[in-house]
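*Asks:*
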Amino acid sequence: MIYFDKVSKVYNGGKSVALHEVTFQVAPNEFVSIVGHSGAGKTTLLKMLIAEDRPSSGQVFFESLDIHSLSRSSLPRFRRKIGTVFQDFKLLPNKTAWENIAFAMEANGRSDEEIGENVPQALELVDLGDKAWNFPHELSGGEKQRVAIARAIVNQPDIIIADEPTGNLDPIATYEVVQILKKINDLGTTVIMTTHNKGVIDALGRRVITMDEGRIVRDDAEGKYVL
Amino acid sequence: MITSIKRIVRSGFVGFWRNAFVSLAAIFVLTVTLTVVGGMIFIDQLLTASLSQIQSKVDINVYMVPGAEEAPIMDLKSSLESLPDVAEVTYTSSDEALAQFRARHQNDELTLQALDELGDNPLGASLEIRAKDTSQYESIANFLEAQRGAESPDSPLIDRINFSQNRDAINKLTNIIDTVERTSYITMIVLVVASILIAFNTIRLTIYTSREEISVMRLVGASNMFIRGPFVLQGVMYGVIAGVVTLLILYPVALWLGPGTEAFFSFNIFNYFVNHFGYLFAILVGSGIILGTVSSTLAIARYLRV
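Following this line, the structure appears as C-alpha cells:
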C-alpha cells in the first residue's frame, strides 16, 4: 500500500543527511511503529508520506501513485486519504472539539447531514461525547490527543499517521491513546506511528522499524524496543 | 460549491469575532491609513480651491486709446478669443469705465469735481483677458505686442498693456503654484505609501498569528481556496469597518473646520464633505476593501506554499 523506494533527504546542500536511501513497504491494515533516537529521521520520513517535504532523491508511492509527482492543487485531495496525529495535537485553538472534527469534514466537502452524523460517532469512539463543546484549552493533554485522533479518523482515511502521539502524555493517557489507535487498526485502518516509548512498543507486539542516522537498521515483524 | 462558500463565510465571521483583539488592531491601523487618505483628499481640495482663486485674480488688461472706435476693439476681442490659451475676454466700454471710476471714488469729492471739470470722458475702453493657465500670459502678451506693432501710427488703438508691469508678479506666482502643487503631491504619495505599508504589515501579523492554524488546515486536506477564503473575507471586513469608521471620524472634523476654511480659503470643507459623500464613501471604503483583500491574499500566500 505504501512503498518507499531509496528515499534520501539531505539538508543544507548535503551537509546534513536526514534520510539515506530508505526502502520499505507497508501492507494494508498493518500497525507499524517506527522507533529511533531524536534526529534518526522518523519525522522526516512521515513528512515525505504526507507530502509536506520532498525527498532529495527516490520515490514514495501510495498504492500506485507517486506522491511527489502530484501537482500542488491535487495535494489536498490526496491528504484527505491520510489522517494525521501529532505530538503537539495541532488542534485549531479557536474551535471547539466538535468544530475541530467537523472542520476536517467541511474541508472534505461533506454535507451537513454527514457531519451531524459522523462527528458524534467519532467523539464516541474516542470516548469524548461529553466534551464536544469544549475548546482545546479546556481539555487535558490526553483529551486533546483523543480529539486529534477523532479528527484524523472522521473522514475514514486509508492510513493514520501518528507522530509521537504519546510524547506529551502521562502513562494513563498514553495507554488510552494506544488502545484507541489499536481499535482503529482493528477496524481496518493502516496505522503508522513513531514513538520513543518502550512500554508502548513492547505492549503492542506489532511490526517495529528501527531507525538510526537516517537508515533503517532493523525491521521486525513482532518487534521489541531495541536501542 | 454553495456549501463551501457558506462555510467560508461563516468561518470568516466566526474568526473575526473570536480574534476580536487582533481584528480591532487591524481595523485601527487601517482606519489610521484611511484617515490619512481622507485628510489628503481634503488638503488637496483646499489647495486646488485656493490656487484657482489666486489664479482667477491674475489677468492682463489692454487699455485702448480714449475715443477709439468700438468696431476694431471688437475685432481684437474676437481674435483674442480665438487663441487656444485664452479662457475669457471681458470688454469694458469707456462709458462703463467712467461709471466704475465714479463708483470707486464716490466719497472723493475732489476727484469727481476734477472729472466734471474735464467735461468729456478721459478714460478709454479696455479688455480684460484671463488665460487658462498663468504660464500662458506671456504668449498672450506677445500676441498683443505684435498687434500693437502692426497698427498704423496715425490711428492707434492700443494705449497700454499692463502685462510687463505685472510680469514679475505673475511669473513668481506661477512658480509658487507649481512648487506648492509638486511638494504637496510628493508629501501625499510618501504619506499614503507609508500608511499602506503599515496596514499591510499589520494584516500580515494577524495572519502570522494564525500560521499554525493554516498548517493544520492543510494537513486535514483543506483546499487552498477553503483556507484562504475566511482570511480574505476578514480582510474585506476590516476594510469596510475601517472605511465607515474613517467617515465617522472625518464628519466632526469637517464640521469643525468648515467655518474656518470658509473664511480663509472661501471653500467650505464641510459642504464639500456633505456634497461629495458618495465619492468619499466609495474612495475610503473601496480602498479599505482593496487594502484588506490584497494584504491578506499576499500575506497568506507564503503559508500556502508546500
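Heads up: the sequence lines are chains F and X, in that order. If you read the first sequence in the numbering used here, its first letter stands for residue 332, the second for the next number, and so on. If you read the second sequence in the numbering used here, its first letter stands for residue 486, the second for the next number, and so on. Glycine is no exception: its CB is placed at the ideal position from the N, C-alpha and C atoms. Quick caveat: nothing in here was measured; it's all calculated off a predicted structure.
Under 6 Å Cβ to Cβ from Thr687 of chain X, same chain only, skipping five residues before and after it: list those, please.
*Replies:* So the qualifying residues of the chain are Ala511 and Val514.
*Asks:* Given a cut-off of 8 Å, decide if Val539 of chain F and Ile547 of chain F are closer than it, judged by their beta-carbon atoms.
*Replies:* No, the pair does not count as a contact, with Cβ atoms beyond the cut-off.
*Asks:* From the DSSP output, in three-state form, read off His399 of chain F for me.
*Replies:* Looking at His399 of chain F - three-state DSSP - the assignment turns out to be helix.
*Asks:* Quick check on the DSSP output: what are the complete alpha helix (DSSP H) runs of length 4 or more inside the region 491-558 of chain X, in order along the chain?
*Replies:* Entirely contained in the region 491-558 of chain X, the alpha helix (DSSP H) runs reaching 4 residues are, in chain order, 505-542.
*Asks:* Using the Cβ count rule (16 or more neighbours within 10 Å means buried), how would you classify Tyr622 of chain X?
*Replies:* Burial call: buried.
*Asks:* Tell me, please, which residues DSSP counts as bridged to Met542 of chain F.
*Replies:* F:Gly367 and F:Ile547, per the DSSP bridge assignment.
*Asks:* I need the DSSP call for Phe420 of chain F, collapsed to helix, strand or coil.
*Replies:* Coil, per DSSP.
*Asks:* Identify the contact partners of Pro407 of chain F in chain X, using a Cβ-Cβ distance below 7 Å as the criterion.
*Replies:* What Pro407 of chain F touches in chain X: Gly706, Ala707 and Ser708.
*Asks:* Spatial neighbours of Ser387 of chain F within its chain, please: C-beta separation below 7 Å, excluding the five flanking residues on both sides.
*Replies:* Excluding residues within five positions, the ones whose Cβ falls inside 7 Å are Ser339, Lys340 and Val341.
*Asks:* Could you check whether the Cβ of Ser508 of chain X sits closer than 8 Å to any Cβ belonging to chain F?
*Replies:* No - not a single Cβ of chain F is within 8 Å of the one on Ser508 of chain X.
*Asks:* Do the CB positions of Leu776 of chain X and Ala684 of chain X come within less than 8 Å of each other?
*Replies:* Yes, the Cβ-Cβ distance between Leu776 of chain X and Ala684 of chain X is below 8 Å.
*Asks:* What separation, rounded to the nearest whole angstrom, lies between the Cα atoms of Val522 of chain F and Phe362 of chain F?
*Replies:* Going from the Cα of Val522 of chain F to the Cα of Phe362 of chain F covers about 5 Å.
*Asks:* Is the distance from the Cβ of Tyr723 of chain X to the Cβ of Ser567 of chain X below 8 Å?
*Replies:* In this structure, Ser567 of chain X does not lie closer than 8 Å to Tyr723 of chain X by Cβ.
*Asks:* Suppose only complete runs of 3+ residues qualify. What are the beta strand (DSSP E) ranges in the region 585-654 of chain X, listed by chain order?
*Replies:* Correct list: 611-616 and 643-646.
*Asks:* Checking the sheet assignment: what are the DSSP bridge partners for Ile333 of chain F?
*Replies:* Paired residues: F:Val357 and F:Phe393.
*Asks:* Sorted by chain position, which residues of the same chain lie with C-beta nearer than 6 Å to Val348 of chain F's C-beta, five sequence neighbours on each side aside?
*Replies:* Result list for Val348 of chain F: Val341 and Gly545, in chain order.
*Asks:* Among X:Glu698, X:Leu608 and X:Ile625, whose alpha-carbon lies nearest the alpha-carbon of Arg615 of chain X?
*Replies:* It is X:Ile625.
*Asks:* How is the beta strand (DSSP E) around Val574 of chain X delimited, first residue to last?
*Replies:* Val574 of chain X -> beta strand (DSSP E) spans Val571 to Thr577.
*Asks:* Check this for me: beta carbons of Pro496 of chain F and Gly414 of chain F, under 8 Å apart or not?
*Replies:* No, these two residues do not count as a Cβ contact at 8 Å.
*Asks:* Can you tell me whether Ala534 of chain F is buried or exposed? The criterion is at least 16 other CB atoms within 10 Å of its CB, across all chains shown.
*Replies:* Exposed.
*Asks:* Could you check what DSSP says for Ser442 of chain F in three-state terms: helix, strand or coil?
*Replies:* Reduced to three states, the DSSP call for Ser442 of chain F is coil.
*Asks:* What residues from the region 415-444 of chain F come within 8 Å of chain X, judged by C-beta to C-beta, listed N to C?
*Replies:* The residues in question are Thr415, Lys421, Leu422, Leu423, Pro424, Asn425, Phe434, Ala435, Glu437, Ala438, Asn439, Gly440, Ser442 and Asp443.
*Asks:* Please work out which residues of its chain come closer than 8 Å, Cβ to Cβ, to Ile558 of chain X, disregarding the five sequence neighbours upstream and downstream, and give them in chain order.
*Replies:* Hits under 8 Å: Met549, Tyr576, Ala610, Leu612 and Leu642.
*Asks:* Could you check what DSSP says for Gly771 of chain X in three-state terms: helix, strand or coil?
*Replies:* In this structure, Gly771 of chain X counts as helix in the three-state DSSP scheme.
*Asks:* So is Met486 of chain X buried or exposed if we call it buried at 16+ other beta carbons inside 10 Å?
*Replies:* Met486 of chain X is exposed by the Cβ-count criterion.
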